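Visitor: Oh and the sequence shown: position 1 is 4 in our numbering, straight run, nothing missing.
Every residue gets a Cβ at the ideal spot worked out from N, C-alpha and C, and that includes glycine.
None of the values given here were measured: they were computed from a predicted structure.
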Amino acid sequence: MTVQSTMPAAFDDNDITLLQGIADSLATAIQNARLFHQVNTNLEEIQTLHRQYLSGVWNPKASEKIQTYEYLGKFGPLEGEKIYQIQTPIKLRDQIIGRITLDCDHELSEYEHNLIEEIGNEAAVALENARLLEEIRQRSQEEHMINDLTAQLTRSLSYDILLKTTVQELGRLPNVSQVSIRMDVPKQVEP
Numbered sequence: 004m005t006v007q008s009t010m011p012a013a014f015d016d017n018d019i020t021l022l023q024g025i026a027d028s029l030a031t032a033i034q035n036a037r038l039f040h041q042v043n044t045n046l047e048e049i050q051t052l053h054r055q056y057l058s059g060v061w062n063p064k065a066s067e068k069i070q071t072y073e074y075l076g077k078f079g080p081l082e083g084e085k086i087y088q089i090q091t092p093i094k095l096r097d098q099i100i101g102r103i104t105l106d107c108d109h110e111l112s113e114y115e116h117n118l119i120e121e122i123g124n125e126a127a128v129a130l131e132n133a134r135l136l137e138e139i140r141q142r143s144q145e146e147h148m149i150n151d152l153t154a155q156l157t158r159s160l161s162y163d164i165l166l167k168t169t170v171q172e173l174g175r176l177p178n179v180s181q182v183s184i185r186m187d188v189p190k191q192v193e194p
């Protein structure tokens, strides 16, 4: 920032100090605006990545186990009885992972709508906790298998037994249909 005057010695020391303070404040405000913009950009990127992560985690779960649980409180509507259907999403961090559908014989109050929405929010948290627990159990099993294999391999002294044990243990992993190990023996260089 530059401040100029057509008159010689137009600014005294107080004016210069004041203008310097204004320039410093302006520079700080510009830097803060840049940082704020950068933080917002980073936050948007993190939210996008998190949505992609949740989608990647929940979409396979939904396709592998499409489950609907239903509760029928009575046998059905009497003829001419009006049914009100309410749908509330089950949202996990602004991403819909399920839906609650209610058939009621009366229109729900705002309190009842809020209660159903809160139940949906709590269900989302409980479902995410269950998914995380399942993931932890699976990783724990994998770590246990690795530790067992490592223990067996360190006890084996025979080359053939080492390879056989490795193939057998790897074959026990989930979703593994075939295991093969190929050893590449380096060629010896003749002198």
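In its own chain, which residues sit with a C-beta less than 7 angstroms from the C-beta of Glu120, not counting the 5 before and 5 after it?
Guide: Closer than 7 angstroms at the Cβ level, and outside the excluded window around Glu120, lie Thr91.
Visitor: Indicate the three-state DSSP secondary structure (helix, strand or coil) for Leu105 in the structure shown.
Guide: Note: Leu105 maps to strand in three-state DSSP.
Visitor: Do you know whose CA, among Gln141, Asp97, Tyr162, lies nearest Tyr56's CA?
Guide: The residue with the shortest Cα to Cα distance from Tyr56 is Asp97.
Visitor: List the DSSP bridge partners of Thr91.
Guide: Answer is Ile103, bridged to Thr91.
Visitor: Looking at the structure shown, is Gln191 part of a helix, part of a strand, or coil, going by DSSP?
Guide: In this structure, Gln191 counts as coil in the three-state DSSP scheme.
Visitor: Cutting at 6 angstroms between CB atoms, please list the residues of its own chain near Tyr87, excluding the five before and the five after it.
Guide: Same-chain partners within the cutoff: Cys107, Glu110.
Visitor: At which residues does the alpha helix (DSSP H) containing Ile86 begin and terminate?
Guide: Unbroken run through Ile86: none, as it is neither H nor E.
Visitor: Which class does Gln181 belong to by DSSP, given the choice of helix, strand or coil?
Guide: Coil, per DSSP.
Visitor: From Leu21 to Ala13, what distance separates their C-alpha atoms?
Guide: For Leu21 and Ala13, the distance between alpha carbons rounds to 14 angstroms.
Visitor: Look up Gln98 in the DSSP assignment and give the residues it is bridged to.
Guide: Paired residues: Leu95.
Visitor: Got a sec? Which residues, its chain only, sit under 7 angstroms from Leu165 by beta carbon, not counting five neighbours each side?
Guide: Counting only Cβ-Cβ distances below 7 angstroms, and skipping sequence neighbours, we find Leu156, Ser159.
Visitor: Contact between the segment 136-156 and the segment 168-187: three or more CB pairs below 8 angstroms?
Guide: With a cut-off of 8 angstroms, the segment 168-187 and the segment 136-156 count as touching, because enough Cβ pairs lie within range.
Visitor: Which residues in the same chain have their Cβ closer than 8 angstroms to the Cβ of Arg102, if we skip the five residues on either side of it in sequence?
Guide: Gln90, Thr91, Pro92, Ile93.
Visitor: For Phe39, which three-state DSSP category applies?
Guide: In this structure, Phe39 counts as helix in the three-state DSSP scheme.
Visitor: By the DSSP assignment, the alpha helix (DSSP H) with Thr9 in it spans what residues?
Guide: That residue, Thr9, is in no alpha helix (DSSP H); it is neither H nor E in DSSP.
Visitor: Would you kindly work out how many angstroms separate the C-alpha atoms of Asn17 and Ala26, rounded to a whole number?
Guide: Distance between the alpha carbons of Asn17 and Ala26: 14 angstroms.
Visitor: How would you label Ile100, buried or exposed, when you count the other beta carbons within 10 angstroms and need 16 or more for buried?
Guide: The residue is buried, with at least 16 neighbouring Cβ atoms inside 10 Å.
Visitor: Here's the rule: buried if 16 or more other CB atoms are within 10 angstroms of the residue's CB, otherwise exposed. What is Leu38?
Guide: With fewer than 16 Cβ atoms within 10 Å of its Cβ, Leu38 is classed as exposed.
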